[in-house]
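Taking the working numbering, the leading residue of the sequence shown gets 418, the next gets one more, and so forth.
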Amino acid sequence: MGYQQVYDQAWNDPEAFWGQAAQAADWFSPWTQVLDRDASPGGRWFVGATTNVCHNALDRHVAAGRGDQTALIYDSAMTGTVEHYTYADLTEKVAKLAGALAALGVGKGDRVLVYMPMIPEAAMAMLACARLGAVHSVVFGGFAATELKTRIEDAKPKVILSASCGLEPGRTIAYKPLLDAALAMSAHKPARVLVHQRPQLIAPLDPARDTDWAAAVAAADPAPCTPVEATDPLYVLYTSGTTGVPKGVVRDSGGYMVALLWSLKNIYGLTPGEVMFTASDVGWVVGHSYIVYGPLLYGATTVLYEGKPVGTPDAGAFWRIIQQHKVSVLFTAPTAFRAIKRDDPTGALMGDYDLSSFRALFLAGERCDPDTLHWAQDRVKVPVVDHWWQTETGWPVAANCLGLEPKPVKPGSPTTAVPGWKVDVLNSEGQPLPAGEIGALALKLPLPPGALPTLWENDAGFRKSYLTDYPGYYKTGDAGFVDDEGYVFVMSRIDDIINVAGHRLSTGGMEEVLAAHPDVAECAVIGVADDLKGQVPLGLLVLKAGVSRPAAEIEKEAVALVRDKIGPVAAFKTALVVPRLPKTRSGKILRGTMQKIADGQEYKMPATIDDPGALEDISDKLQTVGYAQSGAGAAS
418 MGYQQVYDQA WNDPEAFWGQ AAQAADWFSP WTQVLDRDAS PGGRWFVGAT
468 TNVCHNALDR HVAAGRGDQT ALIYDSAMTG TVEHYTYADL TEKVAKLAGA
518 LAALGVGKGD RVLVYMPMIP EAAMAMLACA RLGAVHSVVF GGFAATELKT
568 RIEDAKPKVI LSASCGLEPG RTIAYKPLLD AALAMSAHKP ARVLVHQRPQ
618 LIAPLDPARD TDWAAAVAAA DPAPCTPVEA TDPLYVLYTS GTTGVPKGVV
668 RDSGGYMVAL LWSLKNIYGL TPGEVMFTAS DVGWVVGHSY IVYGPLLYGA
718 TTVLYEGKPV GTPDAGAFWR IIQQHKVSVL FTAPTAFRAI KRDDPTGALM
768 GDYDLSSFRA LFLAGERCDP DTLHWAQDRV KVPVVDHWWQ TETGWPVAAN
818 CLGLEPKPVK PGSPTTAVPG WKVDVLNSEG QPLPAGEIGA LALKLPLPPG
868 ALPTLWENDA GFRKSYLTDY PGYYKTGDAG FVDDEGYVFV MSRIDDIINV
918 AGHRLSTGGM EEVLAAHPDV AECAVIGVAD DLKGQVPLGL LVLKAGVSRP
968 AAEIEKEAVA LVRDKIGPVA AFKTALVVPR LPKTRSGKIL RGTMQKIADG
1018 QEYKMPATID DPGALEDISD KLQTVGYAQS GAGAAS
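Next up, the structure:
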């Protein structure tokens, strides 16, 4: 069937569609109901069924005779290490780790917090929890102690799994002092902490609480898979809300498993046995879905990469991995490609590698501007798919489905809604807007399998955050439009729509224009307070490597570009060249924080920031040109 037939079937009869898709997984007992639409607060999928996600990701492939196939490739640019784990290897190691957790008292429904770097043991930790029916909550390795403490207090883990250190270019980050500080502050105290000692840094252990990972695993008996309800939580993943208070997104076991299995074939066009390289981190939803669970559930080979897109050692890092491991599909963030484009503007390093195995590039995590899309298309010579989704959705909402019927690409759009999702554009009263008009992007209920059913122990917060503003819809928090062919255009967060003298303008549209300047590697536009117009846009530009022209000249050209392409209504008068943009570790530009700095408001240093010095550079730059004059700084 073509895309439209599949889409119509999934929307008009979701019970039949997803019931059929679920046949791709193993179930210990069948469901009594595919979809309970009335289950509060967000509906439930595969009610009554029992399964185990670890069994589906590992044991069933071994049982099917594919134990010798490589399941996971660990590639560390930080240590020069490459390790291969077959499905049989990984099953054995995960079963032993699960046995070690069981010996520490972990069982079905218990929470386990995972605070680890990008090493194979991080994936094993997640799978071992799933094997026992325990609920894991992965926190990005190196997270600040105060933020780690809030997650410990909310999830109340019985055990914490950690490592002695993480490795970043030029530095070793000791995890144990951060974890110890978080536990000292936390009202909740876990029973035990299991520590994996890396040779780069050995952490001191407290015998009253800490256990050596290797010793515990060596002494353990392998644990079998525990049957769980399909509606039982597999994990809780914290995402920072608009209030700055973390929200624990719950992911169920059965629906998530079915959605991922369907997506690997139909969205990513992958075949079991092929290699998928997702350049992310297990601390993010992308790492959960497409480093660990998705590829392994599908019987593919996944690459777990410890390194950066540039600087480890250069902008050819991804091409080296594609050649060395015969990668078919690469999934990364647009910001990674902007970094590659900045350091290697012509893509010259690509020519040093054999990319014949490479079939598709997928981008998500931050809006992909047309200039980055064109740059990638012109150089990789494979389909480049911008796709849109969120921590809460768990898998893509809009994408060019390569496994169904690839569509013509429209730059700036992640193409059309994926089967199972219905994207509408609403005004402030919750009424649908005509094609082409910008409004709030909302997802019609019921949400498909894999989407969050609620927040951890916070049904009321789930309803308030996502279901109240637009009855009958899930509120994405993103703004954009849908054209007359159903293509979705995600322009910005709703908060990034600025009001200039009564005109609602998208910062994403202005960024699109600025990114097309030949000297600009990446950019951001924020709205700053203005006594006359309410808000006016301010552009921040990072230049490509090797650009030596005067910054003032480029800034003047950038202003002229926006005024030419969007018009005087944008009131775009200021662009500033800056050394770098502050981002989260997942690649999202911190526009809201920069806006507060520009307006002279007090701001909180975001917990997920990758480089705090980037914010300081922005603050200094803004003060030199007359912004941020109240002198407000980061809140303690």
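All C-beta atoms, glycine included, are put in the ideal place defined by N, C-alpha and C.
These figures come from a predicted structure and were not determined experimentally.
Report task. Note the first and the last residue of the continuous beta strand (DSSP E) segment covering Pro-730. Result -> No beta strand (DSSP E) contains Pro-730, which DSSP labels as neither H nor E.
Query - beta strand (DSSP E) segment containing Arg-393, residue limits - result: Since the first and last residues shown for the chain are 418 and 1053, residue 393 lies out of range.
**Report entry** Given Thr-563 as reference, the closest of Ala-601, Ile-619 and Glu-1033 once Cα atoms are compared
**Finding:** Ala-601
Query raised in the report: Would you report the Cα separation of Asp-1034 and Thr-1001, rounded to the nearest angstrom?
Result: 16 Å
Query raised in the report: If we count Cβ pairs, one from each stretch, closer than 8 Å, do we get three or more for the segment 853-861 versus the segment 896-912?
Result: Segments in contact, yes.
Query raised in the report: Quick check: the segment 712-726 against the segment 968-982, are there 3 or more CB pairs under 8 Å?
Result: no
Query - Bridge partner(s) assigned by DSSP for Leu-721 - result: Tyr-491
Report task. Determine the extent of the alpha helix (DSSP H) in which His-791 is found, giving its start and end residues. Result -> Note, His-791: alpha helix (DSSP H), 787-797.
Report task. Have a look at Ala-1051 and Thr-688 and give me their C-alpha separation to the nearest angstrom. Result -> Here the model assigns Ala-1051 a pLDDT of 43, short of 50, so the residue's position is not dependable and the matter cannot be decided.
Query raised in the report: Do Leu-681 and Pro-712 have their C-beta atoms closer together than 8 Å?
Result: yes
Requested in this report: Kindly indicate the opening and closing residues of the alpha helix (DSSP H) around Tyr-715.
Outcome: 711-715
Requested in this report: Could you give the DSSP three-state label for Pro-663: helix, strand or coil?
Outcome: strand
Query - Under the three-state DSSP convention, the category Thr-1010 falls into - result: helix
Query - Gln-422 - containing beta strand (DSSP E), residue span - result: Counting along the chain, Gln-422 falls outside any beta strand (DSSP E), though it belongs to the alpha helix (DSSP H) covering 420-429.
**Report entry** Cβ-based neighbour list, Asp-947, same chain, cut-off 7 Å, excluding 5 preceding and 5 following
**Finding:** Val-953
Query raised in the report: For Thr-688, which residues does DSSP report across the bridge?
Result: None, per the DSSP bridge assignment.
Report task. Classify Thr-659 as buried or exposed, calling it buried when 16 or more other Cβ atoms lie within 10 Å of its own Cβ. Result -> With a pLDDT of 47 at Thr-659, under the threshold of 50, the modelled position of this residue cannot be trusted; read the value that follows with caution. So Thr-659 ends up on the exposed side.
Report task. Identify which residue in Leu-957, Gly-733, Asp-669 and Gly-690 has its Cα closest to the Cα of Ser-706. Result -> The option with the nearest alpha carbon to Ser-706 is Asp-669.
**Report entry** Phe-735, enclosing alpha helix (DSSP H) - first and last residue
**Finding:** Note, Phe-735: alpha helix (DSSP H), 734-742.
Query raised in the report: Considering only the beta carbon of each residue, do Thr-589 and Leu-618 sit closer than 8 Å?
Result: yes
Requested in this report: For the segment 1017-1032 and the segment 985-993, state whether three or more C-beta atom pairs, one from each stretch, are separated by less than 8 Å.
Outcome: The answer is no - the segment 985-993 does not touch the segment 1017-1032, with fewer than three Cβ pairs under 8 Å.
Query raised in the report: Curious, which full-length alpha helix (DSSP H) runs of at least 4 residues does the segment 587-659 contain?
Result: 592-602 and 630-635
Query raised in the report: With which residues is Trp-805 paired in a DSSP beta bridge?
Result: Ala-815
Query raised in the report: Can you name, in chain order, every residue of its own chain whose Cβ lies under 6 Å from the Cβ of Gly-951, other than the five neighbours on each side?
Result: Asn-916
Query raised in the report: What is the rounded straight-line gap between the Cα of Gln-422 and the Cα of Val-835?
Result: Straight-line spacing of the CA atoms in Gln-422 and Val-835 works out to 12 Å.
Query raised in the report: Does the pairing of the segment 428-438 with the segment 834-850 give three or more beta-carbon distances under 8 Å?
Result: yes
Query - Contacting residues, own chain, Cβ-Cβ under 7 Å from Asp-638 (five flanking each side not counted) - result: Excluding residues within five positions, the ones whose Cβ falls inside 7 Å are Gly-516.
Query - the segment 791-810 / the segment 821-832 touching (three or more Cβ pairs under 8 Å) - result: yes
Query - Rounded straight-line distance, which links the Cα of Pro-650 to that of Ile-490 - result: 27 Å
Query raised in the report: Considering only C-alpha positions, which residue in the set Gly-524, Gln-1040, Leu-654 and Ala-732 is nearest to Val-645?
Result: Gly-524
Query - Neighbourhood of Lys-566 by C-beta distance below 7 Å, restricted to the same chain and skipping five residues each side - result: Within the same chain, Lys-566 has close Cβ partners Ala-599, Met-602 and Ser-603.
**Report entry** Simplified DSSP assignment, three categories, for Asp-886
**Finding:** coil
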